[in-house]
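What follows is a set of notes on a single structure, which appears directly below.
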Amino acid sequence: MQEEVKTSRTRAGSRVTTPILEAIDVSKSFGAILALDGVRFDLCPGEIHALMGENGAGKSTLMKILSGVYADYEGRVLVDEVPVQFEGVRDAEAAGVAIIHQELNLVPELSVADNIFLGREPLIAGMFVDRRKGVQAARQLLGRLGIELDPEARVSSLRIGEQQLVEIAKALSINARILIMDEPTSALSPGECNRLFAIIRQLSLEGVGIIYISHRIDEVMQLSDRVTVFRDGRHIWTRPMAEIDESIVIAAMVGRNLSRSDVARPTVSTFNTAVLSVRDLALSVADRRGFKQVLSGVSFDLAPGEILGIGGLLGAGRTEILQAISGATRGEVGGRIQVDGRPVTIRTPVDARRLGISFLTEDRKTQGLHLADTITDNVSLPLVGRIARFGIRNTQAERALAVDAVRKLGIRASGIAQAAGTLSGGNQQKVVIGKCLATDPRILLLDEPTRGIDVGAKSEIYDLIFHLAESGMAIIVVSSEMPELLYLADRILVMSEGRQTGLIHRSAATEERIMQLAAPRSQKTQHEEAVA
Amino acid sequence: MTVMKLVSRTKLYWGLIAIFLIGIIWSPLTSSGKNIFLSSGNLLDVLRQVSTTGLIATGMTAVIITGGIDLSVGSLMAICSVVCAMLLTVPGETPALMLGVPSVLLSALVIGAWVMRFVFLNLEKSRTGISHSRDLTLDRVRGVYIPALVGIVLGAVLLFYLLPQSESKFGVLGVLLVVPAVGLLFGAINGIVIVAGRLQPFIVTLAMMVTALGIARLTAGQNNAVLPVYTGSNATADFDILRSLVFGIIPMPGIFFLVAIILYAVVLNLTPFGRFVYAIGGNEEAARLSGIESGKIKIVTYAISGLLAGIAAILYVAQYRQGKPDAGAGLELDAIAAVVIGGTSLMGGRGSLAGTFCGVLIFGLLSNILQLHNINSNLQLVLKGLIIVGTVLVQERNAREILARFRLVFPRRARSEASGEERPRKETMSLNTGGNGNETS
Numbered sequence: 009m010q011e012e013v014k015t016s017r018t019r020a021g022s023r024v025t026t027p028i029l030e031a032i033d034v035s036k037s038f039g040a041i042l043a044l045d046g047v048r049f050d051l052c053p054g055e056i057h058a059l060m061g062e063n064g065a066g067k068s069t070l071m072k073i074l075s076g077v078y079a080d081y082e083g084r085v086l087v088d089e090v091p092v093q094f095e096g097v098r099d100a101e102a103a104g105v106a107i108i109h110q111e112l113n114l115v116p117e118l119s120v121a122d123n124i125f126l127g128r129e130p131l132i133a134g135m136f137v138d139r140r141k142g143v144q145a146a147r148q149l150l151g152r153l154g155i156e157l158d159p160e161a162r163v164s165s166l167r168i169g170e171q172q173l174v175e176i177a178k179a180l181s182i183n184a185r186i187l188i189m190d191e192p193t194s195a196l197s198p199g200e201c202n203r204l205f206a207i208i209r210q211l212s213l214e215g216v217g218i219i220y221i222s223h224r225i226d227e228v229m230q231l232s233d234r235v236t237v238f239r240d241g242r243h244i245w246t247r248p249m250a251e252i253d254e255s256i257v258i259a260a261m262v263g264r265n266l267s268r269s270d271v272a273r274p275t276v277s278t279f280n281t282a283v284l285s286v287r288d289l290a291l292s293v294a295d296r297r298g299f300k301q302v303l304s305g306v307s308f309d310l311a312p313g314e315i316l317g318i319g320g321l322l323g324a325g326r327t328e329i330l331q332a333i334s335g336a337t338r339g340e341v342g343g344r345i346q347v348d349g350r351p352v353t354i355r356t357p358v359d360a361r362r363l364g365i366s367f368l369t370e371d372r373k374t375q376g377l378h379l380a381d382t383i384t385d386n387v388s389l390p391l392v393g394r395i396a397r398f399g400i401r402n403t404q405a406e407r408a409l410a411v412d413a414v415r416k417l418g419i420r421a422s423g424i425a426q427a428a429g430t431l432s433g434g435n436q437q438k439v440v441i442g443k444c445l446a447t448d449p450r451i452l453l454l455d456e457p458t459r460g461i462d463v464g465a466k467s468e469i470y471d472l473i474f475h476l477a478e479s480g481m482a483i484i485v486v487s488s489e490m491p492e493l494l495y496l497a498d499r500i501l502v503m504s505e506g507r508q509t510g511l512i513h514r515s516a517a518t519e520e521r522i523m524q525l526a527a528p529r530s531q532k533t534q535h536e537e538a539v540a
Numbered sequence: 014m015t016v017m018k019l020v021s022r023t024k025l026y027w028g029l030i031a032i033f034l035i036g037i038i039w040s041p042l043t044s045s046g047k048n049i050f051l052s053s054g055n056l057l058d059v060l061r062q063v064s065t066t067g068l069i070a071t072g073m074t075a076v077i078i079t080g081g082i083d084l085s086v087g088s089l090m091a092i093c094s095v096v097c098a099m100l101l102t103v104p105g106e107t108p109a110l111m112l113g114v115p116s117v118l119l120s121a122l123v124i125g126a127w128v129m130r131f132v133f134l135n136l137e138k139s140r141t142g143i144s145h146s147r148d149l150t151l152d153r154v155r156g157v158y159i160p161a162l163v164g165i166v167l168g169a170v171l172l173f174y175l176l177p178q179s180e181s182k183f184g185v186l187g188v189l190l191v192v193p194a195v196g197l198l199f200g201a202i203n204g205i206v207i208v209a210g211r212l213q214p215f216i217v218t219l220a221m222m223v224t225a226l227g228i229a230r231l232t233a234g235q236n237n238a239v240l241p242v243y244t245g246s247n248a249t250a251d252f253d254i255l256r257s258l259v260f261g262i263i264p265m266p267g268i269f270f271l272v273a274i275i276l277y278a279v280v281l282n283l284t285p286f287g288r289f290v291y292a293i294g295g296n297e298e299a300a301r302l303s304g305i306e307s308g309k310i311k312i313v314t315y316a317i318s319g320l321l322a323g324i325a326a327i328l329y330v331a332q333y334r335q336g337k338p339d340a341g342a343g344l345e346l347d348a349i350a351a352v353v354i355g356g357t358s359l360m361g362g363r364g365s366l367a368g369t370f371c372g373v374l375i376f377g378l379l380s381n382i383l384q385l386h387n388i389n390s391n392l393q394l395v396l397k398g399l400i401i402v403g404t405v406l407v408q409e410r411n412a413r414e415i416l417a418r419f420r421l422v423f424p425r426r427a428r429s430e431a432s433g434e435e436r437p438r439k440e441t442m443s444l445n446t447g448g449n450g451n452e453t454s
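Residue numbers (my numbering), protein chains in the order written: chain A, 9 to 540; chain B, 14 to 454.
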């Protein structure tokens, strides 16, 4: 590593162009957790600099510092070799730093143009919003980027991939010289990805420095000029593309050999009786123009002990399947669901619980946890009524549930009375899983079970899932991370635009095959359909 | 710092103590030099005065903890006071009877059935032992038929008890049965509309506030809006019990208030229902997905709020010897203010009836102090407003934060006050802890 540091220093010294952005010895901690430990990073004009690392490596934290979201950190940030201290996002924007976050930050009810100029609307006489000018400027900007979008279209009517492009246009509308992109392709189809890459290359030719964060190594390989790897909040190395290949990057990211013991999963033929069987599952949810079908024609069987993976792009209807099965949705569910061979109707989460179905939601903070409440209160919540004696809560049994969950799942906390919101992401997730398991389900639905948690907790959760499956639980896992699906699932159901496009066996599943099935049909056919 | 923590945690009671001390020090004295404020007569009078607001605030607390609000309680109290006065004074088929009897029947049906189901469920639970694995389900006979039958029988019994009374005039017990049932029904309607229509509680209860006022006026009749109740002459003399002193010291309304608030506090703290009330206010989506029937729970909180408004109305009629459509005007706001002063968050999920008790007393003592000094009633309103803002400000910001801000604004003074060098460092640390719970990725 000593050697690596030296090489990057000499390179920086010999560089003709001076960096437009530089972070030196930046540290940042959240409570007791050190998220960044003296990292450095630099960016030159017109450069595409990829930042890589596993979840929890500190990439997003550094980007939030560079874009002014976090103002309290240690270390220095230099723009054009001048030290700066951003107090907020506005400061960073004024310095020409724009960020596109992993989650979309658009107002769905506003038009594309309104979103692009949100908070910076062109005004008439300094008082009234000049819509026409805004639309014109937006059209110009979109044209320059080669994005074919109607500036007057409502954002909610666009597909996720198109919304991503609006985000980019919005970021560039402030004349950014430094553009930070955090996982911009996680919701895009291959075609949309290529379009995005073309735009990124063009921007770099125009002299915009781009910090590109992605999990997808192949993307980084074909796009970037330099790569920096973070691990556990530390800077590992920065190297030009010519010096590295995929295996070097992976080794640096992982740092150790994650001995993923190749689990001996039973073959599908051994699964015979289905505990859950779904036919032509459909879901319509209410929206402004009446009902909108978000799911149709989903059919599968699930046997005890089987792990079914559900893949697809963001917004393809993966979560909706779980919502429809678990009674979590408020929409209209169509199709037939059978549990143990008996047809059932599941309208509410209570119905689902009666049938032994438990649902781990995608967003633990808004849908899973009571952040201000203790671990005990969270874990015992579904059972408080059931274990009460003659209408009086049985707090002893409630605590026993929590103790049990903490022990079984290895939740690291000061005690069962610790507030859930003060736990780390991985431990929060374990608390929610503990809550799901408290009801002793036979069918477990997991939506993004490892989102936003560190590598260690991740592999613990994988082990747990395998263990639960072995004990005879039927499990469905929705995941955006392809390797996760391939690792966990016995079969993978692929969704695209609300439709089931494939159901592949573990042995036949590859990333390419899944991507192919997940890709939306071209917009052209969609348009034709709309006309017809 | 532990002292600070203690102060912070008990700040509710500090406000109460402070206002009490102000009352004592500032109190006028009798000719014999006795402290008027501190006399048992005066303090018990305060308890009597706060009882109505207190009952309403008790129901309001649970509603607010679920993240809702009930603006209709004042109007519900008006309806109930009219119904109460009419039942007491007018014999025969009055509008009050038309409103009251169906309410009693519906309430009896629902409550009777629920109690029966509750008993069956718990018998089943003790038979099978506590099992985590499956929800208990009752068969049709014990789950539906018998409870329904019990509800119908209960309703019939009450009907046979009440209808003969309507020939003449209602007695105390009859009124105590019918009037709260009217409140319960209207409250339940609030809850059902909010839950079934997925509407804002603010709007629904606002609509109910207007509607109920109209119904109260229609019931009372346009011409004699005030229904006087003279116990002994036009109504039963027994009704005077509700304004008497128990054991010659404690006013009856105070007993009602104390029993109601203690019972509800027990329910909120010790029963699953209470746990769910907090869970819904804390994060309704998470609660719903955990299999909590949030709709039912919310309907019950609004129904109980209405029920308590009904009880408050009876006490109002006993106290002021009249029922009228503007009986509870503005009461909902007093109750909300008392709840908020008691530290319950309007965002839901946080609060307690102990706090509400303090809030109600702070309000009552304040009015009492100002009245003892004959301060202009309009000025009293201004002072009340200021007190609300002041106490809530203290409730929302904790003492440590206020201190930290103070040090930020006046750093030099703080440093000269601070002993040793450790202080400034601690200060920055406590300021930084604001950003916990952040995700690192």
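We put the CB at the ideal spot given by N, CA and C, even for glycine. Computed from a predicted model, the values in this text were never measured in an experiment.
If you draw a 10 Å sphere on the C-beta of GLN171(A), you find 16 or more other C-beta atoms in it, and that means buried. Collapsing the DSSP output to three states places MET503(A) in a strand. Closest by C-alpha distance to PRO53(A), out of ILE108(A), THR246(A), GLY217(A), is GLY217(A). Judged by their CB atoms, ILE383(A) and ILE354(A) are not nearer to each other than the 8 Å cut-off. Within the segment 269-286 of chain B, LEU283, THR284, PRO285 place their CB atoms closer than 7 Å to a CB of chain A, listed in sequence order. With a threshold of 16 other beta carbon atoms within 10 Å, HIS475(A) falls short and is exposed. Of the other Cβ atoms in all chains shown, 16 or more fall within 10 Å of the Cβ of LYS36(A); this residue is therefore buried. Separation of GLY127(A) and GLY339(A) (C-alpha to C-alpha, rounded to the nearest whole angstrom) is 34 Å.
Taking the Cα of LEU198(B) as reference, the smallest distance to any Cα among PRO115(B), ILE262(B), ALA229(B), ILE32(B) is reached at PRO115(B). For PRO248(A), the uninterrupted beta strand (DSSP E) segment begins and ends at 242-248. Looking from the CA of THR107(B), the closest CA among ALA75(B), SER181(B), SER85(B) belongs to SER181(B).
From the listed residues LEU389(A), VAL85(A), ALA380(A), the smallest Cα separation to ALA405(A) is found for LEU389(A). Unbroken alpha helix (DSSP H) stretches of 4 residues or longer found wholly inside the segment 104-138 of chain A: 120-124, given in chain order.
Of all residues in the segment 365-378 of chain A, only PHE367, THR369, THR374, GLN375, GLY376, LEU377, HIS378 place a beta-carbon less than 8 Å from a beta-carbon of chain B.
Looking at the backbone, the Cα of THR232(B) and that of VAL117(B) are separated by about 17 Å.
Residue pairing by DSSP places HIS57(A) opposite ILE219(A), ARG234(A) in a beta bridge.
For the segment 297-318 of chain B, the set of positions with a beta-carbon nearer than 8 Å to some beta-carbon of chain A reads GLU298, ALA299, ALA300, ARG301, LEU302, SER303, GLY304, ILE305, GLU306 in chain order. Per the C-alpha coordinates, the member of ALA292(B), VAL373(B), SER257(B) positioned closest to LEU391(A) is ALA292(B). The DSSP assignment places complete alpha helix (DSSP H) segments of no fewer than 4 residues inside the segment 341-425 of chain A at 357-362, 383-388, 392-395, 403-417, in order along the chain.
The alpha-carbon of THR218(B) is positioned some 19 Å away from that of THR357(B).
Here ALA206(A) is exposed, its C-beta having fewer than 16 other C-beta atoms within 10 Å.
Counting C-beta pairs closer than 8 Å gives fewer than three between the segment 424-439 of chain A and the segment 280-289 of chain B, which falls short of the contact rule.
For the pair LEU431(A) and VAL16(B), the Cα-to-Cα distance works out to about 27 Å.
When 9 Å is used as the limit between beta carbons, VAL358(A) is near these residues of chain B: ASP148, GLY304, ILE305, GLU306, in chain order. Taking the Cβ atoms as the reference, LEU511(A) lies roughly 6 Å from ARG499(A), within the contact range of under 8 Å. Note that the C-beta distance between ILE354(B) and VAL402(B) is not below 8 Å.
Measuring C-alpha to C-alpha distances from SER75(A) to each of ALA184(A), SER307(A), VAL293(A) identifies ALA184(A) as the nearest. By the criterion of a C-beta distance shorter than 6 Å, ALA350(B) is surrounded in its chain by ILE401, once the five residues flanking it on both sides are discounted. In the structure shown, PRO108(B) adopts helical secondary structure according to DSSP, grouped into three states. Within the same chain, Cβ atoms closer than 7 Å to the Cβ of SER40(B) are found at ASN48, ILE49, PHE50, LEU51, LEU385, the five residues on either side in sequence being excluded.
In the structure shown, the three-state DSSP call for ASN203(B) is helix. Looking from the CA of LEU101(B), the closest CA among VAL59(B), GLN178(B), ALA300(B), ARG61(B) belongs to GLN178(B).
ASP295(A) has GLY298(A) as its beta-bridge partners, per DSSP. For LYS309(B), the uninterrupted alpha helix (DSSP H) segment begins and ends at 307-333.
Contact annotation: the segment 197-214 of chain B does not touch the segment 157-175 of chain B, with fewer than three C-beta pairs closer than 8 Å. In the three-state reduction of the DSSP assignment, ASP226(A) falls in the helix class.
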